[in-house]
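Colleague:
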Amino acid sequence: SNSVKQTGQITVSEGASVTMNCTYTSTGYPTLFWYVEYPSKPLQLLQRETMENSKNFGGGNIKDKNSPIVKYSVQVSDSAVYYCLLCGGSNYKLTFGKGTLLTVNP
Amino acid sequence: EAGVTQFPSHSVIEKGQTVTLRCDPISGHDNLYWYRRVMGKEIKFLLHFVKESKQDESGMPNNRFLAERTGGTYSTLKVQPAELEDSGVYFCASSQSAGGIAEQFFGPGTRLTVL
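In order, the protein sequences belong to chains A and W.
Be aware that the first sequence starts at 1, since it is given in our numbering, and climbs by one per residue.
Be aware that the second sequence starts at 107, since it is given in our numbering, and climbs by one per residue.
1) Measure how close the beta-carbons of Lys121 of chain W and Leu218 of chain W come, nearest whole angstrom, since I'm counting them as under 8 Å.
2) Label Gly8 of chain A either buried or exposed according to how many other C-beta atoms from any shown protein chain fall within 10 Å of its C-beta, with 16 as the threshold for buried.
3) According to DSSP, simplified to helix, strand and coil, what is Gly178 of chain W?
4) Can the beta-carbon of Glu37 of chain A be found closer than 9 Å to that of Gly99 of chain A?
5) Which whole-angstrom value describes the C-beta separation of Ala173 of chain W and Leu183 of chain W, a residue pair presumed to lie in contact below a C-beta threshold of 8 Å?
6) Would you verify that the beta carbon of Val110 of chain W is, or is not, closer than 9 Å to some beta carbon of chain A?
7) Using 10 angstroms around the beta-carbon of Thr124 of chain W, count the other beta-carbons present and answer buried if the total reaches 16, otherwise exposed.
8) Counting only C-beta atoms, is Gly58 of chain A closer than 9 Å to chain W at any point?
9) For a test of the three-state rule: what should DSSP assign to Leu190 of chain W, helix, strand or coil?
10) Run through DSSP, which three-state label would Val144 of chain W get?
11) Determine the chain A residues that contact Pro214 of chain W at a beta-carbon separation under 8 Å, and present them in chain order.
12) What does Phe151 of chain W reach in chain A if we use C-beta pairs closer than 8 Å?
13) Please classify Gln186 of chain W: is it buried, with 16 or more other beta-carbons within 10 angstroms of its beta-carbon, or exposed?
14) Pull up the distance between the alpha-carbon of Cys129 of chain W and that of Tyr83 of chain A, whole angstroms please.
15) For Val20 of chain A, count the other beta carbons within 10 Å of its own beta carbon; 16 or more makes it buried, fewer makes it exposed. Which is it?
16) Can you give me the Cβ contacts of Asn61 of chain A inside the same chain, cut-off strictly under 8 Å, excluding the 5 residues immediately before and after it?
17) Does DSSP put Asp78 of chain A in a helix, in a strand, or in coil?
18) Please tell me whether Pro42 of chain A and Cys87 of chain A are closer than 9 Å, where the distance is taken between their beta carbons.
19) For Val4 of chain A, collect the residues of the same chain with a Cβ closer than 6 Å to its Cβ; drop the 5 residues on either side in sequence, then sort them by chain order.
20) Skipping 5 residues on each side, what residues in its chain have a beta carbon closer than 7 Å to that of Pro106 of chain A?
21) Name the residues in the region 73 to 87 of chain A whose C-beta lies less than 9 Å from a C-beta of chain W; which are they?
22) Roughly how many angstroms separate the alpha carbons of Ala108 of chain W and His135 of chain W, rounded to a whole number?
23) By the three-class DSSP mapping on this structure, what secondary structure does Gln123 of chain W have?
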């Protein structure tokens, strides 16, 4: 079955680079989305990884694959919750991770 | 272009009452999804419409929840009767195409509080 794991919280200072991990297990050529949720705003798409645009995408069944998102020189305004959304399986099951709360301190 | 809209933004009801949430997708989007985030938990998929048909309703928690999408435009999600554990944020999303790789556009959510 499909599963998604994310780091719960990350706190960094302005100007730092940060990597947020998303480790997933899936069947059937999954697609992995990253969304960001700013306070009082709808979720917005950041990036999408499919078979076509990932050199590391093995296709077929995937086990414990990490698909991180990297943000360079973060600002206070980047503070938000970052979610992974996995679409996998023969019937395109949709599974969210619990989200990573990124806090950027000035 | 208008985004996905949801109404109401907040709803506070008592246990046993009925609540109906509404979602208006982006015009022309055939695919409409409902999700919910219960306090402290991850966002969970509830169901997926393609036009007016339910493509996948495997995430609906029980028969107190009824989703409809008459005419393939807006959708409603009714909870009857509401229970305390139904409290949370209900999100709606829409996409032009299905098949798993299309970007979903999310609405701002409806925060439901059941007292």
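Cβ coordinates follow ideal geometry from the N, Cα and C atoms, glycine included.
Modeller: To lay it out plainly:
1) Contact flag wrong, Cβ pair sits at about 12 Å.
2) It is exposed - the Cβ of Gly8 of chain A has fewer than 16 other Cβ atoms within 10 Å.
3) helix
4) yes
5) 5 Å
6) Yes, its Cβ sits closer than 9 Å to a Cβ of chain A.
7) By the neighbour-count criterion, in which 16 or more other beta carbons inside 10 Å mark a residue as buried, Thr124 of chain W falls on the exposed side.
8) Confidence is the limiting factor: at Gly58 of chain A the pLDDT is only 49, short of 50, which leaves the residue's position unreliable, though a coordinate-based value still follows. Judged by the 9 Å Cβ criterion, Gly58 of chain A is not in contact with chain W.
9) helix
10) Note: Val144 of chain W maps to coil in three-state DSSP.
11) Ser40, Lys41 and Pro42
12) Lys93, Leu94, Thr95 and Phe96
13) exposed
14) 22 Å
15) In the sequence on display, residue 20 of chain A carries Met and not Val. So Met20 of chain A counts as buried.
16) Ser26, Thr27 and Gly28
17) The answer is helix: DSSP assigns Asp78 of chain A an H, G or I state.
18) no
19) Tyr24, Cys84, Leu86, Thr95 and Gly97
20) Glu14 and Val76
21) Tyr83, Leu85 and Cys87
22) 12 Å
23) coil
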